[in-house]
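Chains as they are written, first to last, in the numbering used here: chain A, 623 to 881; chain B, 24 to 283; chain C, 54 to 330.
Inspection log for the structure reproduced underneath, given as structure tokens.
And the structure:
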């Protein structure tokens, strides 16, 4: 019963996609739209399968996602310590706080042209752009996470003999896990957007550029297929992050689970 | 009397400096580094040069015009996103079938980098306003759907029952209970959606050209006009900041009654 | 044999050196410019092995006093001595239990209880033995690997108590420990606490708003005034603890003391707000 229930449940969640594809096919096939602008589901599917067998496509994907993850890692390595220091030190908060507030409103993609001026077109620019974009979520969520640890937890730890210098590791960071993992999830989303946007702005290797090449050469079904592939990858990456987070947070209240 | 005024102003100034000192420090460092020639002007023009360029661009119309274009695209895209998003979110909260249909689709699309759809929008709508508006609308509709859905589904049951007991119709319930009760959630959606809208506009302009601040920024970069690059960046930052402040004000007004 | 002695005023210095001495302590908070006087010239003496309850009107500063004894908040004026030495900060000689349990949500029941033991750098074997002993003591065998979120309020508070008792601080500070529990669970927990206290004979200071609870558990009840708080009355409670709960609570002596304490508290509550009925 359980297995059948599970299958039915998953199946029913997939049905809307089937309906969407059916609707798409309906519009595409009816001749309402130029077949170039709206390739049939079949044409896109064919292109997708073809891409799946193309070595260079995977190489392009690897380049793009490699840059996002690289920038993400850098953003974490720099951002988490800054957020931590801000949360425990008044002076640090006074110093970094205004900087954070000032750059909060700046669209990080806008930094790409400046970075191109400074670092030229290439992986370095993209990775730095992703790093700058992911810095903020890591700083802010780490800061709020640590600040949000209830005072009575810190007090209890103190009363049980935890020295101040160990408080961070024993109480503050564990208590901030939830916020930090949320920050990670958001930073991950940013990293993909910035990486692809940077590729599109600077017209270089990677799937961003690839989609424009397909667009310019009129291979629209391949263009759509590439979009679908990116959507799938982003979805899978997000799901993995959520699964790992929930595993790490299995002590947390159910309502607080990452959806 | 005059002493009190001067003292008050000095105090205020002192506080402002203490609050923003890292920025002032940075600005000072910038100006010194650039003027002393520690960095080449093509990489980092002096702050004074940037300000001068700001004035020049304003006079020549290459600043206000593109800013207006960007804002226009942002506003139209947002309007679309809000109207579609709120309606869809409320429908999902109300009608089980709609929720069943859209929930998996939304969950799947949410993590996607929406900018990946830009080539599609350019294909469909060209490189002028519409493709940018489409990207803004597509990117921003999601936070509003989610906010509207969350708002509508978390109205305390007892409030709904109280209204029902006092004879409220279904339509009245929606307008006079569910919508106001959803406002905090909707305002959260606005706080998320509005910055996204601005970013999407600039990004789309940077990629596809077609004017606007983003387009000008990329052009300036291509011609190595570094002072202009900085000007456009700062204007984008200022625009983002002003709009954020506006959203916060709006939120405070709309949520005057809210407990937080 | 049920005898109760009422002693208004300050406590008699009968015993040997007192465990805790609070002398002329005042506390002022600076709330957004305007200062708030939480405690004014408060005096309190607690002897070793006593169970002292502090009751008072809401906002009178009783929790503040407890936090100051724990060393989380400094006094503005006056002296606080524990074992003859001034209080300068938190320490393992003063364990604290909060109303909101303050369990570490990311640790299991076992790890929460073992926390203080591990901090004391006790050998692994001893940590394990003590932790398991306390888990048995509070009746949560089988729940060692559960997380706090999986426990009921009463179970959480039991873990919180066990956690603080386990590493054997000389003094236990309890801040309305059963305030978040329903009435029945509260009664069960009170008996648990009594059992733990009797088997360890530590000094306990408990803050509570529940007069019945204070009289049931303690051998001395202090009544605090409205803000700024001072101890205005003390009651020595000498009830026969050989009785079970039903006999105790239904006895005349208990009722008499309880009513007296309640009246004293009531007077303090209505003192500054004459319109309150």
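Ideal placement from N, C-alpha and C gives every residue a C-beta, glycine not left out.
is_contact[residue i, chain C] using C-beta, thresh 8 Å
i: residue 781 of chain A; result: yes
i: residue 864 of chain A; result: no
i: residue 701 of chain A; result: no
i: residue 775 of chain A; result: yes
i: residue 778 of chain A; result: yes
i: residue 682 of chain A; result: no
i: residue 874 of chain A; result: yes
Beta strand (DSSP E) segment containing residue i, residue limits
i: residue 74 of chain C; result: 73-84
i: residue 835 of chain A; result: Where residue 835 of chain A is concerned, there is no enclosing beta strand (DSSP E), although the alpha helix (DSSP H) it sits in stretches over 829-838.
i: residue 287 of chain C; result: 284-289
i: residue 99 of chain C; result: 87-99
i: residue 277 of chain C; result: 273-277
i: residue 242 of chain C; result: Unbroken run through residue 242 of chain C is the alpha helix (DSSP H), 236-253; no beta strand (DSSP E).
i: residue 259 of chain C; result: 256-260
Beta carbon proximity, residue i to chain B, threshold 8 Å
i: residue 845 of chain A; result: yes
i: residue 749 of chain A; result: no
i: residue 860 of chain A; result: yes
i: residue 818 of chain A; result: yes
C-beta neighbour in chain A for residue i, strict 8 Å
i: residue 62 of chain C; result: At residue 62 of chain C the pLDDT is 43, less than 50, meaning the model places this residue with poor confidence and gives no usable figure here.
i: residue 70 of chain B; result: no
i: residue 101 of chain C; result: no
i: residue 218 of chain C; result: no
i: residue 232 of chain C; result: no
i: residue 200 of chain B; result: no
i: residue 42 of chain B; result: yes
i: residue 169 of chain C; result: yes
i: residue 34 of chain B; result: no
i: residue 258 of chain C; result: no
i: residue 161 of chain B; result: no
i: residue 88 of chain C; result: no
Proximity of residue i and residue j at Cβ, strictly below 8 Å
i: residue 747 of chain A; j: residue 738 of chain A; result: yes
i: residue 817 of chain A; j: residue 678 of chain A; result: no
i: residue 146 of chain C; j: residue 224 of chain C; result: yes
i: residue 222 of chain C; j: residue 209 of chain C; result: no
i: residue 170 of chain C; j: residue 155 of chain C; result: no
i: residue 159 of chain B; j: residue 96 of chain B; result: yes
i: residue 143 of chain C; j: residue 780 of chain A; result: yes
i: residue 697 of chain A; j: residue 763 of chain A; result: no
i: residue 276 of chain C; j: residue 314 of chain C; result: yes
Residue range of the alpha helix (DSSP H) that includes residue i
i: residue 867 of chain A; result: 842-870
i: residue 45 of chain B; result: 25-58
i: residue 889 of chain A; result: Any answer about residue 889 of chain A is impossible in this case: the structure gives chain A only from 623 up to 881.
i: residue 210 of chain B; result: 202-231
i: residue 130 of chain C; result: Where residue 130 of chain C is concerned, there is no enclosing alpha helix (DSSP H), although the beta strand (DSSP E) it sits in stretches over 130-135.
i: residue 148 of chain C; result: Looking at the DSSP string, residue 148 of chain C is not in any alpha helix (DSSP H); the run it does join, the beta strand (DSSP E), is 147-150.
i: residue 110 of chain B; result: 87-117
Handout entry: Touching by the beta-carbon criterion (3+ pairs, under 8 Å), the segment 839-855 of chain A and the segment 661-680 of chain A
Key = yes
Exercise for the section: Indicate whether the contact test is met: 3 or more Cβ pairs, each with one atom in the segment 180-193 of chain B and one in the segment 121-132 of chain B, closer than 8 Å. Expected result: no
Handout entry: Touching by the beta-carbon criterion (3+ pairs, under 8 Å), the segment 63-72 of chain B and the segment 179-186 of chain B
Key = no
Exercise for the section: Taking 8 Å as the threshold, find out whether the segment 745-757 of chain A comes into contact with the segment 118-132 of chain C through three or more Cβ pairs. Expected result: The way I'd put it, the segment 745-757 of chain A doesn't touch the segment 118-132 of chain C; fewer than three beta-carbon pairs between them come closer than 8 Å.
Exercise for the section: Pair every Cβ in the segment 776-788 of chain A with every Cβ in the segment 706-722 of chain A, then say whether three or more of these pairs are closer than 8 Å. Expected result: no
Problem - Selection of the segment 121-147 of chain C by Cβ proximity to chain A, strictly under 7 Å - result: 123, 125, 143, 145, 147
Exercise for the section: Output, in sequence order along the chain, the residues in the segment 784-814 of chain A whose CB is closer than 8 Å to any CB in chain C. Expected result: Only 784, 793, 796, 797, 799 from the segment 784-814 of chain A bring a Cβ to less than 8 Å from some Cβ of chain C.
Handout entry: Any 3 or more C-beta pairs closer than 8 Å across the segment 192-201 of chain B and the segment 227-236 of chain B
Key = no
Exercise for the section: Kindly confirm or deny that the segment 111-126 of chain B and the segment 167-174 of chain B touch, where touching means at least three C-beta pairs closer than 8 Å. Expected result: Contact between the segment 111-126 of chain B and the segment 167-174 of chain B is present, because at least three Cβ pairs lie under 8 Å.
Problem - chain A contacts from the segment 129-155 of chain B (Cβ-Cβ distance under 9 Å) - result: 130, 131, 132, 133, 134, 135, 136, 137, 138, 139, 140, 141, 142, 143, 145, 146, 147
Practice task
Select from the segment 196-227 of chain C all residues with a C-beta closer than 7 Å to any C-beta belonging to chain A, and list them in chain order.
Solution key: 200, 202, 220
Practice task
Indicate whether the contact test is met: 3 or more Cβ pairs, each with one atom in the segment 719-729 of chain A and one in the segment 42-56 of chain B, closer than 8 Å.
Solution key: The answer is yes - the segment 42-56 of chain B touches the segment 719-729 of chain A, with three or more Cβ pairs under 8 Å.
Exercise for the section: Closer than 8 Å, Cβ to Cβ, to anything on chain A: give me those residues from the segment 220-247 of chain B, in chain order. Expected result: 221, 222, 225, 226, 229, 230, 237, 240, 241, 243, 244, 247
Practice task
Taking only beta carbons into account, state which residues of the segment 172-198 of chain B come closer than 9 Å to chain A, listed in chain order.
Solution key: none
Exercise for the section: With 7 Å as the C-beta to C-beta threshold (strictly closer), list the residues of the segment 668-692 of chain A near chain C in chain order. Expected result: none
Handout entry: Cβ-based contacts, 7 Å cut-off: residues of the segment 251-273 of chain B near chain A
Key = 252, 256, 259, 260, 263, 264, 267
Practice task
Assess, as a yes-or-no matter, whether the segment 93-101 of chain C is touched by the segment 278-288 of chain C under the definition of 3 or more beta carbon pairs within less than 8 Å.
Solution key: yes
Exercise for the section: Report yes or no: do the segment 101-120 of chain C and the segment 251-265 of chain C share at least 3 C-beta pairs separated by less than 8 Å? Expected result: The segment 101-120 of chain C, when compared against the segment 251-265 of chain C, does touch it at the 8 Å Cβ threshold.
Exercise for the section: Could you say if the segment 822-841 of chain A and the segment 648-655 of chain A meet the contact criterion of at least three C-beta pairs nearer than 8 Å? Expected result: The segment 822-841 of chain A, when compared against the segment 648-655 of chain A, does not touch it at the 8 Å Cβ threshold.
Problem - Short-range partners of chain A found in the segment 172-186 of chain C, where Cβ spacing is below 7 Å - result: Listed in sequence order: 172, 173.
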